[in-house]
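From first to last, the protein sequence lines stand for chains Z and W.
Residues in the first sequence are numbered from 4 upward in steps of one, following our numbering.
Residues in the second sequence are numbered from 102 upward in steps of one, following our numbering.
C-beta: ideal position from N, C-alpha, C; glycine also.
Since this is a predicted model, take the numbers as computed values, not measurements.
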Amino acid sequence: MKRYGTLGTVGWQVLICAIVLSVWQWGYDLRAKLPWLVPDLLDPYFISKPSMIFDNFLIQSCLTSKLGVFNGWFNGEFAKCLARNENNLWAATAITLKNTFFGFVTGVVSGFVAGLILGRSDRLSAIFQPFITAVNSIPRIALAPIIVLAFGIGDMSKIVTSWIVVVFLVFFNTFEGARSIDEGFTNAARLLGASEWQITRTVVVPSTMAWVFASLTPAISFALIGVIVGEFIGAERGIGRLIIESEARGEASGMMVAVVVLMLVGVVLSAIIWRLQAYLLRWQRQRSAE
Amino acid sequence: MSALETSVPTSLRASADRRVEVKGLSKSFQLARTTIEAVRDVTFDVRRGEFVALLGPSGSGKSTVLNMIASLIRPTGGEILIDGKRVVAGKATPDVGYVFQRDTLFPWRTVADNIGYGLELSGVPAQERKARIAECVAQAGLKGFESAYPSALSGGMRQRAALMRTLIVEPQILLMDEPFGALDTHTKIDMHEVLLRIWEREQQTVLFVTHDLGEALTLADRIILFSARPGRIKDMFTVDFDRPRDAVKVRETPHYAELFQHIWHSLGEEFVKGRSA
Ligand SMILES: Nc1ncnc2c1ncn2[C@@H]1O[C@H](COP(=O)(O)OP(=O)(O)OP(=O)(O)O)[C@@H](O)[C@H]1O
Ligand SMILES: [Mg+2]
Chain Z
4 MKRYGTLGTV GWQVLICAIV LSVWQWGYDL RAKLPWLVPD LLDPYFISKP
54 SMIFDNFLIQ SCLTSKLGVF NGWFNGEFAK CLARNENNLW AATAITLKNT
104 FFGFVTGVVS GFVAGLILGR SDRLSAIFQP FITAVNSIPR IALAPIIVLA
154 FGIGDMSKIV TSWIVVVFLV FFNTFEGARS IDEGFTNAAR LLGASEWQIT
204 RTVVVPSTMA WVFASLTPAI SFALIGVIVG EFIGAERGIG RLIIESEARG
254 EASGMMVAVV VLMLVGVVLS AIIWRLQAYL LRWQRQRSAE
Chain W
102 MSALETSVPT SLRASADRRV EVKGLSKSFQ LARTTIEAVR DVTFDVRRGE
152 FVALLGPSGS GKSTVLNMIA SLIRPTGGEI LIDGKRVVAG KATPDVGYVF
202 QRDTLFPWRT VADNIGYGLE LSGVPAQERK ARIAECVAQA GLKGFESAYP
252 SALSGGMRQR AALMRTLIVE PQILLMDEPF GALDTHTKID MHEVLLRIWE
302 REQQTVLFVT HDLGEALTLA DRIILFSARP GRIKDMFTVD FDRPRDAVKV
352 RETPHYAELF QHIWHSLGEE FVKGRSA
């Protein structure tokens, strides 16, 4: 890795984290002395503090009791604590992840298939063009309340919300990809004896892949956003529900814990997509990787 | 196009000496405001097993003619018959192989998988496929690059891989559009040797587009000279060196020099026109 100055890239990253966390943790304490320097927004009432967030995390995840005493792993306190709260941090994360996963997968699959079909058929794409443009100009997230109304406050409404934001994103990318396939490839395949189906499988799908993957990283965030918004509007469980509850109690650290968990979930999911892409699109990288 | 159906029934072989017939072929491209006349009234025949070179300046419609024979584009006038059957645009004729001028190797497939593509399509078992790929890789001098992706190859290596991708399915009619355009002289002559040996063995009917007169003389039985745009046939020359030919030795004969001189003059006029057109 290239080094910039005396600090390496990682050095700078650590430094930036340290500064941000320190300001967050102690910045507001300076307000008494330097009121002109410290904005109201640093008030822990709004944004909590790293230390409080960490304590809150331990409580919400049932690792310690409300008094800050460590719940042993094996004495049953942990299990009891989990049982007391149906929407504890673990259960909430699991349910949000599950719904995100289903919304994402159904959205990607249906968007991909629809994009391929319409992208490969001039006739169909001409017929559907105005509808697609119309539906695409609706901010999909605005449909969330309607979806919750229609599908209830259970998991289904979250999956549908998430699906609807993902499907269009993937659809448009696949569609563009399928439209812009190099005719040289399809001609070559056809002259080597490929049937239409073989062309789809061996030329259209692989050359559209790069486009599809370009939409997957935003799609995974969108899927998460869809689920959270659905949970804001009406849910019994999930991280979105945790945030709403903490907000009702005026408890910033509770909200922050949920936000941090979401951030971690997002990072992990993106990393998975990234690895998958690096593998499936390895042919794009070979030269530069050497 | 089945890889196994390499030989044509003898009845056909006896009856039709003319394998490809091009009759009064014309093509104009409609652009936004203007019409480009690329090919005008081109007529020629290619006999079974004949090696014909199409020679002409850039823009003289050579690729356009091949594309029409390959059924990739529709002529504006005239017709093409292959074995007496009319070529219909959009319907690939079995038995026609095409090595494109432009690189069309699949970037997402390794060299070996690109070469084996045609066999994969016709369901040749993996074991047999592997053996035949290995053979082609060796012929093209691509040993050691089997599992590389095309992006890691040089232009010349890509051309050779593309050539093998076409040859592996053993097409009986071979359309080649400047297949060795990006090779250095030495590798080019190596490839001429490879192609000549394959052609002597398989006796395909070949239409070979090139800018390189030496290449045309080395390989072809007949040279068709195209004029500058709009492409018409300006002249035809028979190249009557003995077969089998040696790609190096043939260039050293006095007859080669003679023919070269003769055609060079005619060609030169067209290149000058092509440049000013
Ligand atoms: N798809 C197309 N649309 C419009 N014009 C075209 C198209 N294809 C070819 N042409 C035109 O037709 C003419 C002949 O093109 P063609 O590619 O057949 O030439 P060529 O003899 O193969 O040239 P080169 O030796 O440079 O490959 C050119 O003027 C070109 O601009
Ligand atoms: Mg050309």
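Helix, strand or coil at residue i according to DSSP, with G and I counted as helix
i: V307(W); result: strand
i: S116(W); result: Here the model assigns S116(W) a pLDDT of 43, short of 50, so the residue's position is not dependable and the matter cannot be decided.
i: S161(W); result: coil
i: Y357(W); result: helix
i: K244(W); result: coil
i: Q273(W); result: coil
i: E138(W); result: strand
i: D125(Z); result: helix
i: V197(W); result: strand
i: T12(Z); result: helix
i: D158(Z); result: helix
i: L206(W); result: coil
i: I181(W); result: strand
i: D341(W); result: coil
i: L272(Z); result: helix
i: D58(Z); result: helix
i: K289(W); result: helix
i: E293(Z); result: Only weak support is given to the placement of E293(Z): the predicted model assigns it a pLDDT of 40, under 50, and the value that follows is read from those uncertain coordinates. If DSSP states are grouped into helix, strand and coil, E293(Z) belongs with coil.
i: S81(W); result: Nothing about residue 81(W) can be reported from this structure: the residues present for chain W run from 102 to 378 only.
i: L283(Z); result: helix
i: G257(W); result: helix
i: D214(W); result: helix
C-beta contact flag for residue i and residue j at 9 Å
i: S160(Z); j: G110(Z); result: no
i: A117(Z); j: F178(Z); result: yes
i: T211(Z); j: L61(Z); result: no
i: S127(W); j: G179(W); result: yes
i: A213(W); j: A193(W); result: no
i: G241(Z); j: V151(Z); result: no
i: D146(W); j: V166(W); result: no
i: R120(W); j: T306(W); result: yes
i: A181(Z); j: R87(Z); result: no
i: R330(W); j: S161(W); result: yes
i: M169(W); j: V197(W); result: no
i: A261(Z); j: S51(Z); result: no
i: T311(W); j: I290(W); result: no
i: A263(W); j: V200(W); result: yes
i: N91(Z); j: G257(Z); result: no
Whole-angstrom distance between residue j and residue i, CA atom to CA atom
i: S328(W); j: F225(Z); result: 59 Å
i: G187(Z); j: S249(Z); result: 58 Å
i: L156(W); j: T267(W); result: 22 Å
i: L172(Z); j: A95(Z); result: 27 Å
i: G243(Z); j: G217(W); result: 52 Å
i: F235(Z); j: I98(Z); result: 14 Å
i: F372(W); j: I275(Z); result: 57 Å
i: V41(Z); j: S25(Z); result: 13 Å
i: A222(Z); j: V207(Z); result: 21 Å
i: L296(W); j: L195(Z); result: 19 Å
i: T107(W); j: L308(W); result: Its pLDDT being 48, under 50, T107(W) is placed unreliably by the model, and the measurement read from it follows with that caveat. If you take the alpha carbons of T107(W) and L308(W), they lie about 18 Å apart.
i: R298(W); j: A348(W); result: 10 Å
i: S252(W); j: W200(Z); result: 26 Å
i: K335(W); j: E138(W); result: 16 Å
i: E303(W); j: I167(Z); result: 57 Å
i: T111(W); j: T205(W); result: For T111(W), the pLDDT reaches just 46, beneath the cut-off of 50, and the residue's location in the model is therefore unreliable, although a value from the coordinates is still provided. Near 35 Å, if we compare the C-alpha coordinates of T205(W) and T111(W).
i: F338(W); j: I364(W); result: 8 Å
i: E221(W); j: T189(Z); result: 16 Å
Closer than 8 Å: residue i CB and nearest ligand 2 heavy atom
i: K128(W); result: no
i: K161(Z); result: no
Proximity test, residue i beta-carbon vs ligand 1 heavy atom, cut-off 8 Å
i: P158(W); result: yes
i: V310(W); result: yes
i: A263(W); result: no
i: S161(W); result: yes
i: V270(Z); result: no
i: F178(Z); result: no
i: L132(W); result: yes
i: R330(W); result: yes
i: M166(W); result: In the sequence on display, residue 166(W) carries Val and not Met. Yes; taking the cut-off as 8 Å, the Cβ of V166(W) has a heavy atom of ligand 1 nearer than that.
i: F372(W); result: no
i: F327(W); result: yes
i: A154(W); result: no
i: I137(W); result: yes
Legend entry - Beta carbon shell of ligand 2 at less than 6 Å from a heavy atom: K163(W), S164(W), Q202(W), D278(W)
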